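Chemist: Supplied in structure tokens, the structure appears directly below.
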Amino acid sequence: VQLQGSGPGLVKPSGTLSLTCAVSGYSISSDYYWGWIRQSPGKRLEWLGSIYHTGSTYYNPSLNSRVTMSVDMSNNQFSLKLTSVIAADTGRYYCMVATTGDNVFDFWGQGILVTVSS
Amino acid sequence: EILMTQSPATLSVSPGERAALSCRASQFIHNNLAWYQQKPGQAPRLLISGASTRATGIPGRFSGSGSGTEFTLTIDSLQSEDFAMYYCQQYKDWPATFGQGTKVDIK
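Heads up: the protein sequence lines correspond to chains A and B, in order. All letters in the first sequence, in the order written, are residues 8 to 125 by this note's numbering. All letters in the second sequence, in the order written, are residues 419 to 525 by this note's numbering.
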């Protein structure tokens, strides 16, 4: 499986961060969990959330309802939206897939560096 | 959420030697633990899940052990490509959480 993330590298404070991950080698409708993890400077890897192909979502409570994930079956991709961003949301965002039904992240995209700045 | 603590922060090892990295969970997580390797400029790569099961394609010199709250990743006969950051991650409870990482560098 290959995961290719894309999206703007710069987002203004209070704006919305929007990223997409194109999937190849697997169908997005496979029995897997697709999701996002970020790595911010000086911080630990942080699981942001996952989405099942049925649309069921699981988000990290630390994001205080700012996060939304969706699946686009027709284009075999999934997306992340993070609203009301602040400087602390700066980091590298990885899309990933968990293929075994639990939160073990088998495959990762290359990562997208997103900076929150005016 | 479950706090994962790794030690040491940095481990200096000579090529060909063994490295042992520790990970401790703040709560019982049974064997719901994974290890990842990350090299500069790359995404993390899954090494081990279920505390001791190597992922597909991972060399046999990588082994994991432990259960409950204490875990160890052992790398036998370190190769040049093994010098990297290593992270543990629990998946017993939501949200999944990671340790702060151990950097294995060349002595």
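All C-beta atoms in this analysis are idealised placements derived from N, C-alpha and C, irrespective of residue type, glycine included. This structure is a prediction, so every number in the text was calculated from the model and none was measured.
1) Counting only C-beta atoms, is Phe516 (chain B) closer than 8 Å to chain A at any point?
2) Going by DSSP, what residues sit across from Ala443 (chain B) in a beta bridge?
3) I'd like the ranges of any beta strand (DSSP E) spanning at least 3 consecutive residues and lying wholly in the region 17-66 of chain A.
4) With a cut-off of 8 Å, does the C-beta of Trp54 (chain A) fall near any C-beta of chain B?
5) Can you pull the chain B residues whose beta carbon is under 9 Å from the beta carbon of Phe85 (chain A), in chain order?
6) Could you check whether the region 424-443 of chain B touches the region 111-123 of chain A, counting it as contact only if at least three pairs of C-beta atoms, one from each stretch, sit closer than 8 Å?
7) Can you list, in chain order, the residues of its chain whose CB lies under 6 Å from that of Ile447 (chain B), leaving out five sequence neighbours each side?
8) For Trp512 (chain B), return the contacting residues in chain A, with the cut-off set at a CB-CB distance below 7 Å.
9) Give a yes or no on whether the C-beta atoms belonging to Ile35 (chain A) and Tyr101 (chain A) are separated by under 8 Å.
10) Helix, strand or coil for Ala94 (chain A) per DSSP?
11) Using only the alpha-carbon positions, how far apart do Lys19 (chain A) and Val8 (chain A) sit?
12) Using three-state DSSP, classify Asp79 (chain A) as helix, strand or coil.
13) Just the Cα atoms here: how many angstroms apart are Gln46 (chain A) and Asp79 (chain A)?
14) Using 8 Å as the threshold, is the C-beta distance between Ser57 (chain A) and Ala105 (chain A) below it?
15) Check Asp494 (chain B) in the structure and name its three-state DSSP category.
16) Would you say Tyr504 (chain B) lies against chain A (beta-carbon separation less than 8 Å)?
17) Which residue marks the beginning of the beta strand (DSSP E) containing Gln84 (chain A), and which one marks its end?
Modeler: If we stick to the structure as given:
1) yes
2) B:Met422
3) 24-31, 40-46, 52-59 and 64-66
4) yes
5) In chain order: nothing, as chain B lies at least about 16 Å away.
6) no
7) Gln508 and Lys510
8) Tyr65
9) no
10) helix
11) 33 Å
12) strand
13) 25 Å
14) yes
15) coil
16) no
17) Gln84 to Leu89
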